[in-house]
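Novice: One structure, as structure tokens, below. Some questions next.
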Amino acid sequence: HIVREANVWYSLEHANLVSLYGVSLDTERERISLRSPWIPFGELGRYLKECESPDRLKLVQGIVRGTEYLHSKNLVHGDIRGRNVFVDSDGNAKLADFDISRLPGHLLETISSMGYHSQYRWMAPERIHPTLNGLTERTAYSRASDVYSVGMTILEIFTGRVPFQGSLDFVVLKGIINGLRPPNPGPAATEKGLSPELWKIMQACWDRDPAKRPNISVISQTIQSERRYSLHYTSTI
């Protein structure tokens, strides 16, 4: 299994994906590990805390482009969130944790808790409860579910917090199934670059109906326009 995953990861080459250097075998522990390069700033959350003025739109653009590349290869990431995004010395976001990337429709074992906050906070409702949309676990695992998670990760970038911070995991889980979505984070996020247009896209990413969510390429075009405007505005000040 891990060799197959390594082959898939090794074949991927994109500026916004963490590269695979190789596979190592620990014979004493009978364990195989995938080796990737050391990335200076580490996870997204750490970068946002330590960097005085992060280019948030650049981070968003990197995550979206990385996802777009995966989807173009007929791959679904399945766990897009800040914990699985790393930032290099140039402020480029890179998606990682490809050990759970699968072809669309592959049955993914649901992990109830990973780290301090459950991955459910970033997970599309149909992934949590497939029958809501008449889906199965296999069909709920899709590009559209990645798009939902991208929207939540964008929120994480502009707030510096995990989605629904302050609420217990089981409350969030139940809420998402019943239509709970994050409120607009307000002026603080606007000052960091969260425009009305970008917020509109994020809300579209969270549509209950997977078929109504925007394609990742549409999101990519929107982010490109937003960043172009932001860079132009900054250069004229």
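Here this note's numbering is used: the first residue of the sequence shown is 29, the next is one more, and so on.
Built from N, CA and C at the ideal position, the CB exists for glycine as well.
1. Would you report the Cα separation of Gly94 and His105, rounded to the nearest angstrom?
2. Give the straight-line distance between the Cα atoms of Arg209 and Trp234, rounded to the nearest whole angstrom.
3. When we look at the beta-carbon of Asp107 and count the other beta-carbons within 10 Å, is it buried (16 or more) or exposed?
4. Can you tell me the Cα-Cα spacing of Tyr75 and Ser245, whole angstroms?
5. Quick test of your reading: Asp116 and Pro68, contact by CB under 8 Å. State the CB separation rounded to the nearest angstrom.
6. Nearest to Thr250 by alpha carbon, out of Leu226, Ala43, Ala232 and Pro238?
7. Rounded to whole angstroms, what is the Cα-Cα separation between Pro213 and Glu219?
8. With a threshold of 6 Å on Cβ separation, who are the neighbours of Asn120 within its own chain once the five nearest residues in sequence on each side are excluded?
9. Give the straight-line distance between the Cα atoms of Ala10 and Gln231, rounded to the nearest whole angstrom.
10. If you follow the beta strand (DSSP E) that Phe114 is part of, which residue opens it and which one closes it?
11. Less than 7 Å between the CB of Ser100 and some heavy atom of the ligand MN, yes or no?
12. Per DSSP, what are the beta-bridge partners of Glu71 in this structure?
13. Taking the straight line between their C-alpha atoms, what separation do you get for Glu71 and Arg111?
14. Determine whether the beta carbon atoms of Thr187 and Ala217 lie at a separation below 8 Å.
15. Quick one: what does DSSP say Leu45 is sitting in, helix, strand or coil?
16. State buried or exposed for Lys228, treating a residue as buried only when at least 16 other CB atoms are found within 10 Å of its CB.
17. Less than 8 Å separating the beta-carbons of Lys122 and Val46?
18. If you reduce the DSSP assignment to three classes, tell me which class Val175 lands in.
19. Rounded to whole angstroms, what's the CA-CA distance from Glu80 to Gly207? Just pull it up for me.
Specialist: This is what the structure gives:
1. Here residue 94 refers to the residue found at position 66 when the sequence shown is read from its first residue. Here residue 105 refers to the residue found at position 77 when the sequence shown is read from its first residue. Their Cα atoms are separated by approximately 10 Å.
2. As a first step, residue 209 is located in the sequence shown; it is residue number 181 there, counting from the start. As a first step, residue 234 is located in the sequence shown; it is residue number 206 there, counting from the start. Between Arg209 and Trp234, the C-alpha separation is close to 7 Å.
3. Reading the sequence shown from its first residue, position 79 is the one you call residue 107. So Asp107 counts as buried.
4. Taking the sequence shown and counting its residues from 1, one reaches residue 75 at position 47. Taking the sequence shown and counting its residues from 1, one reaches residue 245 at position 217. Spanning the two alpha carbons is a distance of roughly 26 Å.
5. The residue you call residue 116 lines up with position 88 of the sequence shown. The residue you call residue 68 lines up with position 40 of the sequence shown. Correct: roughly 6 Å between the Cβ atoms.
6. On the sequence shown, residue 250 is found 222 positions in, with the first residue counted as 1. When only C-alpha atoms are compared, the closest one is Leu226.
7. Indexing the sequence shown from 1 puts residue 213 at position 185. Indexing the sequence shown from 1 puts residue 219 at position 191. Going from the Cα of Pro213 to the Cα of Glu219 covers about 11 Å.
8. Your numbering for residue 120 matches position 92 in the sequence shown. Once the five neighbours on either side are set aside, the close Cβ partners of Asn120 are Gly90.
9. Shown here, the chain extends from 29 to 265; a query on residue 10 therefore has no answer.
10. Counting from one through the sequence shown, the residue named residue 114 turns up at place 86. Run containing Phe114: Val113 to Val115, per the beta strand (DSSP E) assignment.
11. Although the ligand MN was asked about, the structure shown includes no ligands whatsoever.
12. Sequence index remark: in the sequence shown, residue 71 carries index 43 (1-based). Paired residues: Phe114.
13. By one-based count along the sequence shown, residue 71 stands at place 43. By one-based count along the sequence shown, residue 111 stands at place 83. Distance between the alpha carbons of Glu71 and Arg111 is about 6 Å.
14. Position 159 of the sequence shown, counting from 1, holds the residue named residue 187. Position 189 of the sequence shown, counting from 1, holds the residue named residue 217. Yes, the pair counts as a contact, with Cβ atoms nearer than the cut-off.
15. Taking the first residue of the sequence shown as position 1, residue 45 is located at position 17. It is a strand residue.
16. Position 200 of the sequence shown, counted from the first residue, corresponds to residue 228. When all chains shown are included, Lys228 counts as exposed.
17. Position 94 of the sequence shown, counted from the start, is the residue given in the question as residue 122. Position 18 of the sequence shown, counted from the start, is the residue given in the question as residue 46. Yes. Within cutoff.
18. For the purposes of this step, residue 175 is taken as the residue at position 147 of the sequence shown. Val175 falls in the helix class under three-state DSSP.
19. As a working mapping, residue 80 is identified with position 52 in the sequence shown. As a working mapping, residue 207 is identified with position 179 in the sequence shown. Using only the alpha carbons, I get a separation of about 35 Å.
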